[in-house]
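Numbered according to my numbering, the sequence shown spans residues 90 to 545. For glycine and all other residues, C-beta sits at the position ideal for the given N, C-alpha and C. Every value quoted in this text rests on a predicted model; they were computed, and no experiment measured them. Below is one structure, written out as structure tokens, with a few remarks after it.
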Amino acid sequence: MESYKLRLIITEQDIRKVSLDGKPETVEELKTKIKEKCKLQYDFSVMYEDPDFDNALCNLDDIGDLPATRATVKVIPLLMTASTASTSDASDDTEILSTHSSSSSTRQERWPEFFDIPNFSIDVEFRLRQANLVCLRDQTYLNVPRDMKHSILEKLAETIYKFDAYPNEEWIHSVALALVSKHPCLKEPGSPDGCSGWKNSLKFKMGNFRTKLRKAGCLEVGINGGKQGALGMASKGLKRPKTYEVNYLPDLPERQNKDSLEAERKLLVEEMKKRNPSGTVIASKMDQTFSLRRREIVEAGPPVKTLKERWPALFTERQVFAEFNRIATTNLQNYFFDAVDRYTLCFVTIFKSKKGRVGETLAEFVQQIDSGKPDVTAMRTLVLRGLPVLLGDDPSNFYNTCFASDSDEAWAQVSVGVLTVINEDGPLSPNHLHLDPVSTAIIVEGTRGFYSKFGQ
């Protein structure tokens, strides 16, 4: 097979010559091969030099656009990609997918796989260094003075809070283990893992640290002020972030207050009323008002209908992904599709092997896919539609189909689901995949959330 040569632009200072075993058949295959060849650990889109326009860079959407034997392509990291906004929710302006909110109080990292013990004050570090030498030489451990222990716990609490205000038991244990691993002199003789006492001290310290922040007016912990049950146990009404919620309830940005952010929210609503709203303006103001929005959602928990009236931009596809990124510092779209794509072939094999009524339904799904050269979107649709059938669930209340002319009353009773809008001449069969819909939408509490249009 004739090799396919690429001039690959990773950065302006990193341009490589890459040889592939033949021209890839899809854009996704090209991305995969680039990742493997260059050991890239991030997701990206691809641009190529188009000979029809004097080799100007263009987005690569169809692998057929690449020249037959060699091409120049450029990788664009997705967290830095300028996405063209669709006419339904943004103008032709470009929009940068922000990696964090404009507020300096937002967290930008999730809990690390390995907790890095920070450096303590100069005198504490000196005393620890001397004690570690004695420990290694004589196998004796340090009897930690009260002031030294206070200083260590204070610094650890500050570092822990940078990742999470409410660390779970496992995370606290990992910090205690990391502490005695870095400073062997702090190990506790008689403790099974040498750090049980430090673990308990850290738990109490984090409680005291949150109390101090609550008195200082910190929103994230202030919302739970006084919510304790008997014997100091946590009340059921305690509002804590889930594991993935890195930025659960951030404080207001510097030099901003609730009134100024409310004014920005109103400007955002007016921008969304325009025929062609600016994607750049929307992204900027959604970043700026993130803390106000989270405060409303966490404290008041308004109905979806009210939330849509106050924050219409939050119900656009692009801002759903951006909001998830603000909260969890994770690219939801890539994370989800990577997981689906990774197991697609396995699921299809399982679908084809099933028998009985479940097997008949799955076979009906599989038959609608082009076996010669299946589209990646079609394969994802097949997996997502087939999975609940495979698990024995009834997907009819979740996957809904309607004609473009139908009114909103058709799904008013749906608590949560996916709505596929089709043309009037399309079949309403519950087992039809509808691979070429007019649009799709998310329904929450009977309200149509964000939607994607096709064929534009």
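* Could you check what DSSP says for Val-233 in three-state terms: helix, strand or coil? => coil
* Rounded C-alpha distance that separates Asn-144 from Ala-160 -> Going by the C-alpha atoms only, they are around 10 Å apart.
* Who does Ser-104 pair with in a DSSP beta bridge? -> Per the sequence shown, the amino acid found at residue 104 is Ile instead of Ser. In the DSSP output, where bridge partners are listed per residue, Ile-104 has Ile-98.
* Return the chain-ordered list of same chain residues with a C-beta closer than 6 Å to the C-beta of Ile-104, the five sequence neighbours on each side being excluded. => Ile-98
* So what does DSSP say about Cys-491, is it helix, strand or coil? -> strand
* Would you decide whether Thr-176 is buried or exposed? Buried here means 16 or more other CB atoms lie within 10 Å of its CB. => With a pLDDT of only 38 at Thr-176, under the threshold of 50, the placement of this residue in the model should not be trusted; the figure read from the coordinates follows. So Thr-176 ends up on the exposed side.
* Asked: If you pair each beta-carbon of the region 277 to 293 with each one of the region 255 to 268, do three or more pairs fall below 8 Å?
  -> yes
* Report whether the distance from the Cβ of Arg-96 to the nearest heavy atom of the ligand SAM is below 6 Å. => Among the components modelled here there is no ligand, and therefore nothing to report on the ligand SAM.
* CB-CB under 6 Å to Thr-438, same chain, minus the five flanking residues each way: which ones, in chain order? -> none
* Asked: In terms of alpha-carbon separation, which member of Pro-401, Leu-129, Lys-122 lies closest to Thr-100?
  -> Leu-129
* Looking at the unbroken alpha helix (DSSP H) that takes in Phe-410, where does it start and where does it end? -> 406 to 417
* **Segment contact flag, the region 197 to 217 with the region 226 to 245, C-beta cutoff 8 Å, min 3 pairs** => yes
* **Residues that Arg-537 bridges to, as DSSP identifies them** => Ile-532
* To do: Would you tell me roughly how many angstroms separate the C-alpha atoms of Leu-320 and Phe-293, rounded to the nearest one?
  => Caution applies to Leu-320, whose pLDDT of 34 falls short of 50 and renders its modelled position unreliable; the model cannot decide the point.
* Asked: Taking all protein chains shown into account, do 16 or more other C-beta atoms lie within 10 angstroms of the C-beta of Ser-108, making it buried, or fewer, making it exposed?
  -> Classification of Ser-108: exposed, given that the 10 Å Cβ count is below 16.
* Element boundaries [beta strand (DSSP E), containing Arg-159] -> 159 to 166
* Asked: Which stretch, first to last residue, makes up the alpha helix (DSSP H) that contains Asp-427?
  -> 421 to 442
* To do: Might you give, ordered along the chain, the residues of its own chain that have their beta carbon closer than 6 Å to the beta carbon of His-523, omitting 5 neighbours on each side?
  => Thr-509, Ile-511
* Tell me Asn-148's beta-bridge partners as DSSP assigns them. => Met-136
* So Leu-471 is in the beta strand (DSSP E); what residue range does that whole segment cover? -> Leu-471 -> not in any beta strand (DSSP E); alpha helix (DSSP H) instead, spanning 465 to 479.
* Taking the C-alpha atoms as reference points, what is the distance between Thr-158 and Glu-91? -> Distance between the alpha carbons of Thr-158 and Glu-91 is about 9 Å.
* Buried/exposed call for Ser-380, threshold 16 Cβ in 10 Å -> buried
* the region 365 to 372 touching the region 435 to 451, judged by at least three CB pairs closer than 8 Å -> no
* Do you know offhand how far Leu-396's Cα is from Glu-247's? -> Cα-Cα distance, rounded: 34 Å.
* Asked: To which residues does DSSP link Leu-508 through a beta bridge?
  -> Asn-489, Ala-530
* Whole-number beta carbon distance between Phe-440 and Val-455, since they are thought to touch under 8 Å -> 6 Å
* Taking the alpha carbon of Ile-597 as the point to measure from, which residue in Asp-376, Asp-227, Asn-208 has its own alpha carbon closest? -> Lying before the first or after the last residue shown, residue 597 is absent from the chain, which here runs from 90 to 545.
* Asked: Residue range of the alpha helix (DSSP H) that Val-335 falls in?
  -> Run containing Val-335: none; DSSP gives neither H nor E here.
* Looking at the unbroken alpha helix (DSSP H) that takes in Lys-288, where does it start and where does it end? -> 285 to 304
* Asked: Should the region 265 to 283 be regarded as contacting the region 299 to 314, the criterion being three or more beta carbon pairs within less than 8 Å?
  -> no
* Asked: If you compare alpha carbons, which of Asp-514, Val-478, Gly-481 is closest to Arg-490?
  -> Note on identity: in this sequence residue 490 is Thr, with Arg being the wrong assignment. The shortest C-alpha separation from Thr-490 is found at Asp-514.
* Asked: If you compare alpha carbons, which of Phe-203, Pro-278, Met-295, Arg-329 is closest to Asn-232?
  -> Pro-278
* Alpha carbon of Phe-487 to alpha carbon of Leu-479, nearest angstrom -> 15 Å
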